[in-house]
Structures are given as C-alpha cells and as structure tokens.
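In this note's numbering, the protein residues as written are 413 to 820.
Right, dumping it as structure tokens:
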C-alpha cells in the first residue's frame, strides 16, 4: 500500500486513527486540524477503532457476493482489481453483452460459468444464491432498468454515479428497492476515501475557522466519440460524468445542500464531439450558511481535478482530488507536524462498505436519496444555463439530510 505524503517530515506512526462523528476509521491525526495557531478547539476525540472496526479480512465463505453488470473500462481497470484487496466482498457473477469477454474475465477471476449472464437472461440471477449484491456499471440511462430488475430479483444494488438521467428515473430506483426491501447505494468513492474524509473533518471542525468559499474543477479531454458524448446515454455529458465530483464532494465536505445555482455552458459549434452535449460548464452554488462555491467541468480541457476551501485563517484542499491514485492534500499556513495518509483502493472501500451494510443490516452512507439530490442539482444547472437566471433549490436545514450512518 503506497503512502501519500501530505507535506514532509512526519512519520505515519505519529498519528492516530480517528473519526469525525465516527468518521469511518479515517487515518487522521489531531494535528491536521491545528495547522493554524489560533485554530478553534476540537471536540471530544472519537474512540480509537477496534481491530474489527478497522476491518479484519473475512474468510471467503463469509464474504458478500457481488455480480458486476457491465464489463467495460472501469470494471476491468478498477473493479476487478478491487475485489482482490477487498476485505468483505467477493466476485461471484458477471453480466455482459459480449459472451467472449465475459468468459475470459470469468476464467481470470474465478467466476463459475453458471454465474455468467447477458442482458437478456439477467433476471435468472434471482436463483443464484452466491450473488447478494448487483453492481451496475453501465451507461447512465441503463441504471434504472438494471436496478429495478435487480431489486425484483431480491438483490441489493450498488450503482455507479450519476444515478440516472432524470429525477423520475432516480425516484423509480429508490421506490423499487424500497418495495423489494433491498439496499441501494450510489458509488460515490470520494466519500469513502480517507484523504477526502480528512478534508471533511477540517471543514466540519473549522480547522482554520469557518469556510467562506470553495472552488472545484474536474476537466479532461475526451478525444474519441463514446457514450459519454451521447445525450441519450449519458443524460448530461460532462456534468454527470465529471462535474458530479465537484457537486457531490462540496456537499460532502460541508454537509449542507445548495439553495441556489447559477450556470453557464459552452459548446464549440464546429466540433463534432459536442453536437449533443456541452464541452465546458461553469456554475456557482450558494449555501444557507453563506458559503459560495465556484465549479468547472469539461470534456475539452487539460486534465484538472482539484478543490480548495478558503476559510477565515487559511486555505486547504486537494490537488489532485478525484483520480483513482496519487491524491495530494495541501494547507496554508503550514504548521508541522503534518501527517501522511496511506493511499487505499477507493473501489475496495466502496465494496467493503456495501458488504458491511448487507452483513449488519445497515443503511449505506450514500443511499439512493444522495444520488437523487445530485440529479436535482444537475437539472437546476441546466435550467439556469438555459434561462440565464439563478435557480432556487429546496432548502434543507439539517446537516447531511440524505446520507446514512457514518461508516465505522
């Protein structure tokens, strides 16, 4: 496991695993919230997690079985390797429209031939007792269909973000899982990643005083035509694919919901890639506490993935913040001793949380309602861009109104 350096000169053994309101055993030293000399006092330390809470690996016969629906780039590059380091989950099924690919990956990953399905015979998965959870990794517009079919089969659902392409579809997914009495979790990996959780603690515990402003960007250049550039398949182009990280992470850091959004979009008229979706989107979110957030996402820029929070007595954030590997934290003014936080497999974190929820009968930290709220904000962004006016959103005074219990 690679160790990521926050600054320099701090030994990992010098910091303590703590939680923010029980914060998921995030490896975080108390010193991280005392960078500023006049930082506000911290609350009572959370209890040190036990070895069980830290997640001793379960024997294979006690793990939760997952079937992967969709065997594309994300599945092959990230999810299949994640099962090899997971502590609570195991791969027990594959679903694909490409029989040859499915057979090859099944052989390589120890999945029986009987546990391979295609999109037509998928409903037979109800009879497979080795599969407790279906992980939907398909183009966005297919999420609702396979979530509802999974629920009818009596399987819990872990669904990639964005949840779907419309509020109606998101609500259908929630209703289907509720009716079937199965769990629905949206795969917001950032909310399970220790360094981002450390940033959340700094915001919530006011390490540099109250946060006043946050900026975030997530851009990349999509060179070839693919489903993310299709309005029908993606629903919202760059906003749903990469901009959602800005939206969801800021909500996660603050615990607040935006009460207003204002947006602008740009689509190069002569670029065939952007006939159906926008190339670049910028938007502002205003929160009831007074925090303002400026965001940018794009499918037509140099790779950029970061966020920065500006508080009364300092600024802090991550750059990069959203990749699968190589995350880096920063803060100014720097006051040692700074910590190091071990890099973990972000997808294994998700798998283990979902498995833990199944084993212990808990609600996921990022349930369907969390995904529905992001879709509500996405639709407000496009309404604002279309009307050139700010769009008001429903107000929620409670912190974290859509999240489940904080993971142990």
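We put the beta carbon where it would ideally sit given N, CA and C, even for glycine.
Start-to-end residues for the alpha helix (DSSP H) that takes in residue i
{"i": "residue 612", "result": "606–616"}
{"i": "residue 562", "result": "555–564"}
{"i": "residue 659", "result": "656–666"}
{"i": "residue 696", "result": "Run containing residue 696: none in the alpha helix (DSSP H); it sits in the beta strand (DSSP E), 692–699."}
{"i": "residue 741", "result": "Note, residue 741: premise wrong, no alpha helix (DSSP H); beta strand (DSSP E) at 741–744."}
{"i": "residue 588", "result": "579–592"}
{"i": "residue 511", "result": "511–521"}
{"i": "residue 644", "result": "643–646"}
Member of the options whose CA lies at the smallest distance from the CA of residue i
{"i": "residue 488", "options": "473, 574, 476, 506", "result": "506"}
{"i": "residue 617", "options": "648, 587, 666, 590", "result": "666"}
{"i": "residue 552", "options": "755, 679, 599, 627", "result": "599"}
{"i": "residue 775", "options": "589, 579, 471, 555", "result": "589"}
{"i": "residue 660", "options": "554, 767, 782", "result": "782"}
{"i": "residue 579", "options": "804, 785, 807, 816", "result": "785"}
{"i": "residue 608", "options": "681, 717, 514", "result": "717"}
{"i": "residue 827", "options": "481, 752, 542", "result": "Any answer about residue 827 is impossible in this case: the structure gives the chain only from 413 up to 820."}
{"i": "residue 657", "options": "813, 635, 602", "result": "602"}
{"i": "residue 777", "options": "795, 767, 819, 740", "result": "819"}
{"i": "residue 812", "options": "477, 501, 668, 585", "result": "668"}
{"i": "residue 796", "options": "722, 693, 508", "result": "693"}
{"i": "residue 633", "options": "497, 626, 649, 620", "result": "649"}
{"i": "residue 766", "options": "538, 531, 571", "result": "571"}
{"i": "residue 547", "options": "492, 814, 513", "result": "492"}
{"i": "residue 686", "options": "675, 799, 643, 625", "result": "643"}
{"i": "residue 664", "options": "545, 701, 604, 620", "result": "604"}
{"i": "residue 722", "options": "528, 620, 520, 514", "result": "620"}
{"i": "residue 755", "options": "477, 734, 739", "result": "739"}
{"i": "residue 470", "options": "501, 733, 478", "result": "501"}
{"i": "residue 770", "options": "810, 545, 527", "result": "545"}
Residue i: first and last residue of the uninterrupted beta strand (DSSP E) it sits in
{"i": "residue 706", "result": "704–710"}
{"i": "residue 787", "result": "Taken as a continuous stretch (DSSP letters only), residue 787 belongs to no beta strand (DSSP E), being part of the alpha helix (DSSP H) at 780–799."}
{"i": "residue 624", "result": "623–633"}
{"i": "residue 759", "result": "Segment 758–772 is the alpha helix (DSSP H) holding residue 759; no beta strand (DSSP E) there."}
{"i": "residue 676", "result": "670–678"}
{"i": "residue 754", "result": "752–754"}
Contact belief for residue i with residue j at Cβ below 8 Å, rounded distance in angstroms
{"i": "residue 719", "j": "residue 729", "result": "5 Å"}
{"i": "residue 793", "j": "residue 703", "result": "Actually they do not touch by this definition, with Cβ atoms about 17 Å apart."}
{"i": "residue 662", "j": "residue 614", "result": "Between residue 614 and residue 662 the Cβ distance is about 14 Å, and since that is not below 8 Å, they are no contact."}
{"i": "residue 759", "j": "residue 490", "result": "5 Å"}
{"i": "residue 641", "j": "residue 576", "result": "With 8 Å as the limit, residue 641 and residue 576 do not qualify as a contact, their Cβ atoms being about 18 Å apart."}
{"i": "residue 623", "j": "residue 596", "result": "Contact doesn't hold; Cβ gap of about 31 Å is too wide."}
{"i": "residue 671", "j": "residue 807", "result": "5 Å"}
{"i": "residue 708", "j": "residue 629", "result": "4 Å"}
{"i": "residue 655", "j": "residue 549", "result": "About 19 Å; that fails the 8 Å criterion."}
Bridge partner(s) assigned by DSSP for residue i
{"i": "residue 571", "result": "548, 598"}
{"i": "residue 719", "result": "628, 730"}
{"i": "residue 476", "result": "501"}
{"i": "residue 804", "result": "672"}
{"i": "residue 619", "result": "621"}
{"i": "residue 481", "result": "507, 548"}
{"i": "residue 528", "result": "506"}
Per-residue burial, residue i [other beta carbons within 10 Å of its own, 16 or more giving buried]
{"i": "residue 714", "result": "exposed"}
{"i": "residue 772", "result": "exposed"}
{"i": "residue 573", "result": "buried"}
{"i": "residue 468", "result": "exposed"}
{"i": "residue 533", "result": "exposed"}
{"i": "residue 780", "result": "buried"}
{"i": "residue 559", "result": "buried"}
{"i": "residue 737", "result": "exposed"}
{"i": "residue 682", "result": "exposed"}
{"i": "residue 764", "result": "buried"}
{"i": "residue 472", "result": "exposed"}
{"i": "residue 637", "result": "exposed"}
{"i": "residue 653", "result": "buried"}
{"i": "residue 498", "result": "buried"}
{"i": "residue 536", "result": "exposed"}
{"i": "residue 745", "result": "exposed"}
{"i": "residue 518", "result": "buried"}
{"i": "residue 803", "result": "buried"}
{"i": "residue 525", "result": "exposed"}
{"i": "residue 522", "result": "exposed"}
{"i": "residue 447", "result": "With a pLDDT of 31 at residue 447, under the threshold of 50, the modelled position of this residue cannot be trusted; read the value that follows with caution. By the 10 Å Cβ count, residue 447 comes out buried."}
{"i": "residue 724", "result": "exposed"}
{"i": "residue 678", "result": "exposed"}
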